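Protein chains: 2
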Amino acid sequence: MKEAVIGIDIGGTFTKYGIVDREGNCLAESFTNTATHDNFDDYLRDLLGAIEKSMQFLKGQIEIRGVGIGAPNGNYYKGTIENAVNLNWRGVIPVAEKIARYYPGLTISLTNDANAAAIGEMVFGGAKDMKDFIVITLGTGLGSGIVVGGTLVYGQDGFAGELGHVIVQPDGRDCGCGRKGCLEAYASATGIRRTVYWLLAERMIDSELRGMSFNELTAKMISEAALRGDKIALEAFDRTGWILGSKLADTVAHTSPEAIFLLGGLANSRELIINPTKKYMEENLLPIYCNKVKILLSSLPDMNAGVLGAGALAWNELNRKK
Amino acid sequence: MKEAVIGIDIGGTFTKYGIVDREGNCLAESFTNTATHDNFDDYLRDLLGAIEKSMQFLKGQIEIRGVGIGAPNGNYYKGTIENAVNLNWRGVIPVAEKIARYYPGLTISLTNDANAAAIGEMVFGGAKDMKDFIVITLGTGLGSGIVVGGTLVYGQDGFAGELGHVIVQPDGRDCGCGRKGCLEAYASATGIRRTVYWLLAERMIDSELRGMSFNELTAKMISEAALRGDKIALEAFDRTGWILGSKLADTVAHTSPEAIFLLGGLANSRELIINPTKKYMEENLLPIYCNKVKILLSSLPDMNAGVLGAGALAWNELNRKK
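So the sequences go chain by chain: R and E. Numbering-wise (this note's numbering), the first sequence opens with residue 1 and increments by one. Numbering-wise (this note's numbering), the second sequence opens with residue 1001 and increments by one.
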């Protein structure tokens, strides 16, 4: 029997899940709705039912060893989701404890989605041989997972690694966290859309993006416009890389990582975001760190990086217990 | 025979040293000149000679188990001092290797002075029961040692934890590192002097500090003036705490520490610097971290914190080897 774990990636709209073996292969994967459930217990019953169904064709071939969960505001120490603004469930949800009732005896571990991505990178991805690195997810917001000496940094409370909320600009752009000027309001798939709109207001040059409403505009469209030479789109990437790169220089002064991996919607723009980020990071680094820190694309497939990350978390816990 | 280690704290002007037992008592301590030696080998011979002399009265009573060294630009992985701007010795000095020739068989360990202070806080000071904390030294510059999960963060290259060089103000004050706008140009014993001078230029109110040249002025004088109600001195502390506190809020978003300890010249101003730092840190924290992070004075005696830190480093290495 092949050993495997269940990886669950809880997002605001969908929950993705998969059966992940020790080598990082997804033996089965699918998704359910998150947003349609106002009650967590109902959601969990439906989710675990769907997972059981997806696993049926593997019956007798695999032995499930553990469950890993990546979720917004996931607390590794407590196994809880705490006051996540983009989920329907208020307060503190004891997710790991509730899942453990369905799977008695299994190791259940939970952390936030970006931390899970970092563990995914370490266990299955480009950071296999690294001890010190950071993963930055550039989606609707900016998430981060920091690894120091081969171990994910959780901090005193399980909530370390919120680089999306370092301050870039005092009294700057409104942020979803209720404050102003946070990094994720500038450097994320949403942030670059805001930057395009700001540039359309500031500049008088032509741009194909002038015909697009804010709601229609996606990071992918900005990327495609930039590849066609659109000056507003190109400047938006440059500014985004400038803000991200100069802030990452400060982050390097904290943990001196070997590499910083980019993942998620905006990272799919590849060189368009990597190049200015690298350039401005180098310009802002303390000389002692110059030319030492790689900016890389995550080697996890964007499609199921969250599921692989959650699976990697489960494997990581099992390996630690040995 | 009592077990002890040698703790050596190499500064730009003086080198302090002491014989430190397992409980953090200094059984003997003294200092030599650093700046008078242009040749490292001569310096080391004189230093180790002086240490031997200081230990003579302990002969037969102690057994030396290891040597710990704190030094500017000290590299823990390599045991080297690398291109330290305020030392006379250029390039890369293999300090641990050279000391090992005098003490064959002993464990020799080296790190930078702020990292040594953090280990001192963990082994002998106020962080004995903490796993996640940060030590900030506010002297001529701003040094930092970051502890995550009970282990000091060294990073890929041994140089992690340079919070003095995160950027506060793009194109801001000149910094000793050759760049502009670094935190230590504002938040340090030197930084607050610069802030006083800036305020004396900006404001028209009276101040006892108007009679003082920049060279005469010390952080202690500013502290004493503030205690007498001098408005410029009080505003200087408020501004320093504002800059330090708001940057520490960003640092908390990296490693989520239980406490941040302040140490060194400017920390001797106690509440004058602690209170505004705490206030502005809280104002700038992501809500999830609010009211969780203590700002504390180091409980190591300022006089020999460096020696105790270096001694703690040596004990820490010996404990790890067990």
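Ideal Cβ positions, reconstructed from N, Cα and C, are used throughout, including at glycine. Just so you know, these numbers come straight off a predicted model, no measurement behind them.
Residue i, buried or exposed, once every other Cβ within 10 Å from all chains shown has been counted against 16
i                       : result
residue 1191 of chain E : buried
residue 68 of chain R   : buried
residue 1305 of chain E : buried
residue 1216 of chain E : exposed
residue 1001 of chain E : exposed
residue 1195 of chain E : buried
residue 220 of chain R  : exposed
residue 1077 of chain E : exposed
residue 1205 of chain E : exposed
residue 1210 of chain E : exposed
residue 240 of chain R  : buried
Residue-level contact to chain E via CB, residue i, 8 Å cutoff
i                      : result
residue 245 of chain R : no
residue 25 of chain R  : no
residue 151 of chain R : yes
residue 135 of chain R : no
residue 165 of chain R : yes
residue 284 of chain R : yes
Of the listed residues the options, nearest to residue i (C-alpha basis)
i                       : options                        : result
residue 166 of chain R  : E:1196, E:1283, E:1048         : E:1283
residue 1008 of chain E : E:1088, E:1023, E:1052, E:1002 : E:1052
residue 172 of chain R  : R:162, R:164, R:185            : R:185
residue 1108 of chain E : E:1114, E:1098, E:1115         : E:1098
residue 277 of chain R  : R:221, R:152, R:188            : R:188
residue 1253 of chain E : E:1092, E:1241, E:1274, E:1286 : E:1286
residue 1145 of chain E : E:1159, E:1118, E:1012         : E:1118
residue 111 of chain R  : R:79, R:204, R:206             : R:79
residue 307 of chain R  : R:26, R:3, R:74                : R:26
residue 49 of chain R   : R:116, R:319, R:31, R:65       : R:31
residue 1040 of chain E : E:1130, E:1269, E:1084         : E:1084
residue 1133 of chain E : R:116, R:130, R:153            : R:153
residue 1280 of chain E : E:1302, E:1292, E:1249, E:1268 : E:1249
Residue i at chain R interface by Cβ criterion, 8 Å
i                       : result
residue 1214 of chain E : no
residue 1321 of chain E : no
residue 1162 of chain E : yes
residue 1276 of chain E : no
residue 1240 of chain E : no
residue 1290 of chain E : no
residue 1253 of chain E : yes
residue 1261 of chain E : no
residue 1287 of chain E : yes
residue 1010 of chain E : no
residue 1178 of chain E : yes
residue 1171 of chain E : no
residue 1146 of chain E : yes
residue 1174 of chain E : no
residue 1159 of chain E : yes
residue 1132 of chain E : yes
residue 1250 of chain E : yes
Coil, strand or helix - residue i by DSSP
i                       : result
residue 159 of chain R  : coil
residue 16 of chain R   : strand
residue 1153 of chain E : coil
residue 223 of chain R  : helix
residue 1180 of chain E : strand
residue 1192 of chain E : helix
residue 166 of chain R  : coil
residue 292 of chain R  : coil
residue 269 of chain R  : helix
residue 1108 of chain E : strand
residue 90 of chain R   : coil
residue 36 of chain R   : coil
Boundaries of the alpha helix (DSSP H) in which residue i is found, first to last residue
i                       : result
residue 252 of chain R  : 231–255
residue 1009 of chain E : Premise fails: residue 1009 of chain E lies in the beta strand (DSSP E), 1002–1010, not in any alpha helix (DSSP H).
residue 52 of chain R   : 40–55
residue 1101 of chain E : 1095–1102
Chain-ordered chain A contacts of residue i [CB-CB under 7 Å]
i                      : result
residue 257 of chain R : Among the protein chains of the structure shown, namely R and E, there is no chain A.
Extent of the continuous beta strand (DSSP E) run through residue i
i                       : result
residue 1028 of chain E : 1026–1033
residue 141 of chain R  : Here residue 141 of chain R belongs to no beta strand (DSSP E), and DSSP marks it neither H nor E.
residue 306 of chain R  : From DSSP, residue 306 of chain R is part of no beta strand (DSSP E) but of the alpha helix (DSSP H) over 305–321.
residue 259 of chain R  : 259–263
residue 1120 of chain E : Not the beta strand (DSSP E): residue 1120 of chain E falls in the alpha helix (DSSP H), residues 1113–1124.
residue 1063 of chain E : 1062–1070
residue 80 of chain R   : 80–82
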